[in-house]
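Trainee: Structure in structure tokens, see below.
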Amino acid sequence: MKIGIIGCGNMASSIACSITKTQKHQMFCYDVDETKAEKFNELYGVTKLMSENEVVLNCDIIIIAVKPKDIFNVLRKIKDVVGDKIIVSIAAGISVERIKDVVGNKKIVRVMPNININVEEGILGVCFSESVLQEEKDKVTELFKSMGAVIVVDEKFMDAITALFGSGPAFVAHFVESYIDAAVKLGFSKQESYDLVLKLFYGTVVNMKNNMLTTYQVKDMVTSPGGTTIEGLVEFERRALKGAIIDGIIKAYERSKSIL
1 MKIGIIGCGN
11 MASSIACSIT
21 KTQKHQMFCY
31 DVDETKAEKF
41 NELYGVTKLM
51 SENEVVLNCD
61 IIIIAVKPKD
71 IFNVLRKIKD
81 VVGDKIIVSI
91 AAGISVERIK
101 DVVGNKKIVR
111 VMPNININVE
121 EGILGVCFSE
131 SVLQEEKDKV
141 TELFKSMGAV
151 IVVDEKFMDA
161 ITALFGSGPA
171 FVAHFVESYI
181 DAAVKLGFSK
191 QESYDLVLKL
201 FYGTVVNMKN
211 NMLTTYQVKD
221 MVTSPGGTTI
231 EGLVEFERRA
241 LKGAIIDGII
251 KAYERSKSIL
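For the sequence shown, full-length UniProt numbering assigns the number 1 to the initial residue and increments by one for each residue that follows.
Okay, here's the thing in structure tokens:
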């Protein structure tokens, strides 16, 4: 397949990196910032083109990887040359219907990836417009499977995907940072804290996955009557930590629904 990428920012870079590592497709790119497009060419061997329309005309699948505020400008430029090409949008909060309002009833795919696709451990929510054929759905799904776990959903779930998994790496990093700061406060160096806390989070997840442990089972295995763990857990409950985390995710979900 011939894959086109319009917009050469961080997420587009992760997508291009993953495709070049795991698949054999011709890739083309364009960015209004020529320096970014040139860097894409150098890093991933992607052919740099001179306009959005050139990308559409040369490719089977076009990934629009610009910010939500910029996507409609791109769509207006390409609407007359889209034809039966597959348009993939990764813009958070922009519905298929709003894309159709600009380009018409074309083959449109919404994808919500997260940054972990750059290590093939991403989570990608995908939904399709009704005009995308099953064979084409399979091609798009296969393309993104190389980047992590793909979940095909009804579009009504895309805002939840955005909040939970698009924003998720930032939330997880925030939790990890808090743990690192606690380790530093208790006397460990910054580097020791960083290394050991990452190992703690990674090891816990691997243990849960490999041994099919629930969160409750892990807590029960570690928590002793009158011990240190229950003291910490009780304090977390007293501070309503779980509720704050849930509320933060809901806020992200509500923001996704209200973008533009």
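Even for Gly, the Cβ is constructed at its ideal location relative to N, Cα and C. It should be emphasised that the depicted structure is a prediction, and the values quoted were computed from it without experimental measurement.
#1: Does the beta-carbon distance from Ser129 to Lys107 come in below 8 Å?
#2: State the beta-bridge partners of Phe128 as determined by DSSP.
#3: How many whole angstroms separate the CB atoms of Ile86 and Val140, which I take to be in contact at a CB cut-off of 8 Å?
#4: Let me check you understand the geometry: is the CB of Gly7 closer than 7 Å to at least one non-hydrogen atom of the ligand HEM?
#5: At the level of alpha carbons, what is the spacing between Leu75 and Ile161?
#6: Check the DSSP bridge columns for Cys59 and list the partner residues they point to.
#7: Less than 8 Å between the C-beta atoms of Ile115 and Pro169, yes or no?
#8: Provide the residue(s) that pair with Cys29 in DSSP beta bridges, ordered along the chain.
#9: Who pairs with Ala149 in a beta bridge, going by DSSP?
#10: Could you give the distance in angstroms between the alpha-carbon of Gly148 and the alpha-carbon of Gly203?
#11: Which word fits Leu133, buried or exposed, when buried means at least 16 other C-beta atoms lie within 10 angstroms of its C-beta?
#12: Residues in its own chain within less than 7 Å of Gly166 by CB, not counting five upstream and five downstream?
#13: Pull up the CB-CB distance for Val150 and Phe144, whole angstroms please, since I reckon it's below 8 Å.
#14: So the beta strand (DSSP E) Ser89 belongs to, where does it begin and stop?
#15: Where does Ile64 fall in DSSP's three states?
#16: What span of residues does the alpha helix (DSSP H) with Thr204 cover, start to end?
#17: What did DSSP end up calling Ala240 once you bin it into helix, strand or coil?
#18: So Ile249 and Ala163 are in contact, right, with Cβ under 8 Å, and what is the actual spacing, rounded?
#19: Does the Cβ-Cβ distance between Asp70 and Lys2 come in under 8 Å?
#20: Would you mind reading off the limits of the alpha helix (DSSP H) that contains Ser167?
Mentor: On the basis of the data shown:
#1: For the purposes of this step, residue 129 is identified with residue 129 of the sequence shown, where counting begins at 1. For the purposes of this step, residue 107 is identified with residue 107 of the sequence shown, where counting begins at 1. Yes, Cβ-Cβ distance for Ser129 and Lys107 is below 8 Å.
#2: Along the sequence shown, one-based indexing puts residue 128 at 128. Paired residues: Val109.
#3: By one-based count along the sequence shown, residue 86 stands at place 86. By one-based count along the sequence shown, residue 140 stands at place 140. About 7 Å separates the two Cβ atoms, so the contact holds.
#4: This structure lacks the ligand HEM, and indeed carries no ligand of any kind.
#5: Here residue 75 refers to the residue found at position 75 when the sequence shown is read from its first residue. Here residue 161 refers to the residue found at position 161 when the sequence shown is read from its first residue. So the two alpha carbons sit approximately 23 Å from each other.
#6: Taking the sequence shown and counting its residues from 1, the one referred to as residue 59 is at position 59. Answer is none; Cys59 lacks a bridge partner.
#7: The residue labelled residue 115 in the question sits at position 115 within the sequence shown. The residue labelled residue 169 in the question sits at position 169 within the sequence shown. Yes, the Cβ-Cβ distance between Ile115 and Pro169 is below 8 Å.
#8: Reading the sequence shown from its first residue, position 29 is the one you call residue 29. Cys29 pairs with Ile5, Lys48.
#9: As a position in the sequence shown, residue 149 is number 149, starting the count at 1. Answer by DSSP bridge pairing, in chain order: Ile123.
#10: In the sequence shown, residue 148 corresponds to position 148, counting from 1. In the sequence shown, residue 203 corresponds to position 203, counting from 1. Each residue's alpha carbon lies about 20 Å from the other.
#11: Taking the sequence shown and counting its residues from 1, one reaches residue 133 at position 133. Around the beta carbon of Leu133, fewer than 16 other beta carbons sit within 10 angstroms, so the residue counts as exposed.
#12: For the purposes of this step, residue 166 is taken as the residue at position 166 of the sequence shown. Leaving aside the five residues that flank Gly166 on each side, the residues in its chain whose CB is nearer than 7 Å to its CB run, in chain order, Ala92, Met112, Asn114.
#13: Taking the sequence shown and counting its residues from 1, one reaches residue 150 at position 150. Taking the sequence shown and counting its residues from 1, one reaches residue 144 at position 144. 5 Å between Cβ atoms; contact.
#14: As a working note, residue 89 is residue 89 in the sequence shown. Boundaries of the beta strand (DSSP E) around Ser89: 86-89.
#15: As a first step, residue 64 is located in the sequence shown; it is residue number 64 there, counting from the start. Ile64 falls in the strand class under three-state DSSP.
#16: Residue mapping note: residue 204 aligns to position 204 of the sequence shown, counting from 1. Note, Thr204: alpha helix (DSSP H), 190-210.
#17: On the sequence shown, residue 240 is found 240 positions in, with the first residue counted as 1. Coil at Ala240, not helix or strand.
#18: Reading the sequence shown from its first residue, position 249 is the one you call residue 249. Reading the sequence shown from its first residue, position 163 is the one you call residue 163. Going by Cβ atoms, the distance from Ile249 to Ala163 rounds to 5 Å, so yes, they are a contact pair.
#19: Taking the sequence shown and counting its residues from 1, the one referred to as residue 70 is at position 70. Taking the sequence shown and counting its residues from 1, the one referred to as residue 2 is at position 2. Contact flag unset, no.
#20: For the purposes of this step, residue 167 is identified with residue 167 of the sequence shown, where counting begins at 1. No alpha helix (DSSP H) contains Ser167, which DSSP labels as neither H nor E.
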